[in-house]
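Peer 1:
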């Protein structure tokens, strides 16, 4: 009895910390959580339902549009070496491209309602993390899909308690996998597939350790290697994830999480149309040591870590959750000056000190470390809650680039850009979750956002004097949620968003100039939606309108060099989103989502890149023990991406990708659980260019990313 009581206690405490971020769960119907009982082999008792099988779904408690992706879906459909972009892409209004295959490189990117990386927020267990220079994220260098317990994509700035530097575009919130409440187990696993991709690792799950006050721990160590879809773009990755939960007493617990990662990759900036026509859709880098696109001259080595310690306590009507954390990112890089471009070798390249026929390149180092704390407090007052807290983050940042002669190995031909910077974010907030009735929740709130950046140029090409700038904003929010019935709710949100300028908008770059101190981006968000949830059907939809002002963007010359930054004025984002899952019966479910996403700009303003006009998905799922099978197609609508050699916007048509997954659980054959899984990405081998990430350095020819070809991955795991 003691162990069962402690298990319930641990779950109660951990869920209470989640409730700090959410609204009332008084009327919630959670048909999608895993229950302890089972009436269908190894499946939970609620498995034969739409909420459990849904690839993504809204919430009856939502105060803004959101999609939750469960661990059940992640484990059965996402490659274990995949990253959070690969998970998020199933949801409405999301477009993701991984040009070297899932987990194959740090290239590509994710678009959320037309907002690009650096314009939306990413959190891990409630902790925001990003590169403070431009608020972007390095998706292939932190957390792997295998260690992700669930994910929630909120499409909007959130409540006042939503913290982070770029919340106005939405938040991708990852939750780490918890140790199980079962007995101890060791699970080795292996996978092999297309492009000579290999994954092998071992996971230890302690179960509840009664001799250690019912503590529990999960440790997952893995290695992934792949030749990649693109030629000569090999990648390798070592990753360690640890999560330790220690109950202190009946009211409190400590959680410690550690993630350490090393990634090595060869990556190109894209290929020109001529190169794709000559060498094929999968052209990336070459094997010619006299070329700036030689794979041996184009590599990245990433080292990252992420740690936090979390103290949670629940006493009477008070709840407190405090996370102290640190994370770091180190990036060693070598690259040709103009891979796949036309810049000549030798002295004609314009690099001082290079040999007559030397291959010009750049060797660089980027390093940053953040220290921070997230404090959240809830005081329950009758049916209502008073919530308040603060997020503080300080990041030190160093960037150094050196011109190099890649032929002779002389990497010290002079600096091509170096600076030191530091960023400090402070965001206190307060909100009152008022529940005048059991059916109605109204939440007014306010957050104060302060962002300070110190920039210290080391070389004159990016500035001549240090700058210190602080941007502040008061961000009010108002949300409401009303239950029309036990299964049906409606909600609405009005909120203000804020984003400080990127550091590159402040620094001069070569001949670049800054037209005054850039203003931060700001948004006004208006959203209404509805959610329906029963055992048979989950259904949700919303409409949104976002007015963004001070949209800053770079102006480039023909060679792709930034000449100056301009304030392009206002942009309106508006659209409709819907998704739903219907459980047909006998293990069969069908799922679909659809979005129409529009952007309206000033007539003189360039179009918004990588913002599809619509997205859609459809899936058929069969899950009846011991079989899981799914077939999913995702469509991405027309969009603009990049400019051609004449500066004209490049238009891309719609395309669709089909993925399939099949799993078989063997049950107990001398081992506790054995699972064989077959995953096929891009089942029909669709190909072609779908994005332009930039231009060549000399002549300004457009570079392209293509769809990665069909890939097959077979995996085996067994619990000892």
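Residue numbers (the numbering used here): 47 to 766. All residues carry an ideal CB built from backbone N, CA and C; glycine is no exception.
1. Would you mind listing the alpha helix (DSSP H) stretches within the segment 366–438 that are 4+ residues and don't spill past its ends, in chain order?
2. Pull up the distance between the alpha-carbon of residue 765 and that of residue 434, whole angstroms please.
3. Exposed or buried, which one is residue 460 when buried takes at least 16 other CB atoms within 10 Å?
4. Determine the closest residue to residue 502 out of 468, 519, 517, with distance taken between C-alpha atoms.
5. At what residues does the beta strand (DSSP E) containing residue 250 begin and finish?
6. Among 515, 592, 404, which residue has its Cα nearest to the Cα of residue 500?
7. If we ignore side chains and look at the alpha-carbon of each, how far apart do residue 257 and residue 645 end up?
8. I need the straight-line Cα distance from residue 683 to residue 195, nearest angstrom please.
9. What residue range does the alpha helix (DSSP H) around residue 325 cover?
10. Check each candidate in 695, 671, 699 and name the one with the smallest Cα separation from residue 709.
11. If we count the other Cβ atoms within 10 Å of its Cβ and call it buried at 16 or more, is residue 324 buried or exposed?
12. Just to confirm my understanding: we take residue 687, look at its own chain, exclude 5 residues before and 5 after, and list those with CB closer than 7 Å. What are they?
13. Which residue marks the beginning of the beta strand (DSSP E) containing residue 502, and which one marks its end?
14. What would DSSP say about residue 311, mapped onto helix, strand or coil?
15. Tell me which same chain residues have a C-beta within less than 7 Å of the C-beta of residue 188, skipping the five on either side of it?
16. Closer than 8 Å is the cut-off here; do at least three beta carbon pairs connect the segment 354–365 with the segment 291–306?
17. Based on the DSSP secondary-structure assignment, which residues constitute the bridge partners of residue 121?
18. Run through DSSP, which three-state label would residue 257 get?
19. Would residue 726 and residue 706 be called neighbours here (beta carbons separated by less than 8 Å)?
20. Could you work out which residue in 224, 271, 223 is closest to residue 242 when comparing CA atoms only?
21. So, is residue 173 buried or exposed, given that buried needs 16 or more other C-beta atoms within 10 angstroms?
22. Helix, strand or coil, according to DSSP, for residue 153 in the structure here?
23. Once the 5 residues before and after residue 156 are set aside, which same chain residues still bring their CB inside 6 Å of it?
24. Which of the three DSSP states, helix, strand or coil, is assigned to residue 702?
25. List, from N- to C-terminal side, the beta strand (DSSP E) runs of 3 residues or more that fit wholly inside the segment 137–181.
26. Kindly identify the DSSP beta-bridge partner or partners of residue 223.
27. Let me check understanding here. Comparing Cα to Cα, which of 411, 380, 456 lies closest to residue 398?
28. Could you tell me which of 278, 372, 309, 294 sits nearest to residue 328, measuring between CA atoms?
29. With a cut-off of 8 Å on the beta carbons, I'd call residue 538 and residue 525 a contact; round off their distance for me.
30. Report, in whole angstroms, the separation of the C-beta atoms of residue 638 and residue 663, which I expect to be a contact under 8 Å.
31. What first and last residue would you give for the alpha helix (DSSP H) that runs through residue 130?
32. When DSSP labels each residue in this structure, what does residue 548 get in the three-state scheme?
33. What whole-angstrom Cβ distance do residue 139 and residue 623 have, given they're in contact under 8 Å?
34. Taking 8 Å as the threshold (C-beta atoms), are residue 389 and residue 128 in contact?
35. Going by DSSP, what residue range makes up the beta strand (DSSP E) through residue 238?
36. Write down the C-beta distance between residue 405 and residue 338 rounded to the nearest angstrom, noting that I regard them as a contact closer than 8 Å.
Peer 2: In short, the structure shows the following:
1. none
2. 43 Å
3. exposed
4. 468
5. 243–251
6. Considering only alpha carbons, the answer is 515.
7. 59 Å
8. 30 Å
9. 319–325
10. Comparing Cα-Cα distances from residue 709 to each of 695, 671, 699, the minimum goes to 671.
11. Result: exposed.
12. 655, 656, 696, 698, 737, 738
13. 486–503
14. strand
15. Only 305, 307, 350, 352 meet the Cβ criterion.
16. yes
17. DSSP output for residue 121 lists no bridge partner at all.
18. helix
19. yes
20. 271
21. buried
22. Look at residue 153 here: in three-state DSSP terms it is coil, with no helix or strand label.
23. 131, 142
24. strand
25. 140–143, 155–158, 167–170
26. Answer is none; residue 223 lacks a bridge partner.
27. That would be 456, whose Cα lies nearest to the Cα of residue 398.
28. 278
29. 7 Å
30. Contact flag correct, Cβ pair sits at about 6 Å.
31. 130–134
32. coil
33. 6 Å
34. no
35. 231–239
36. That pair is a contact at about 6 Å.
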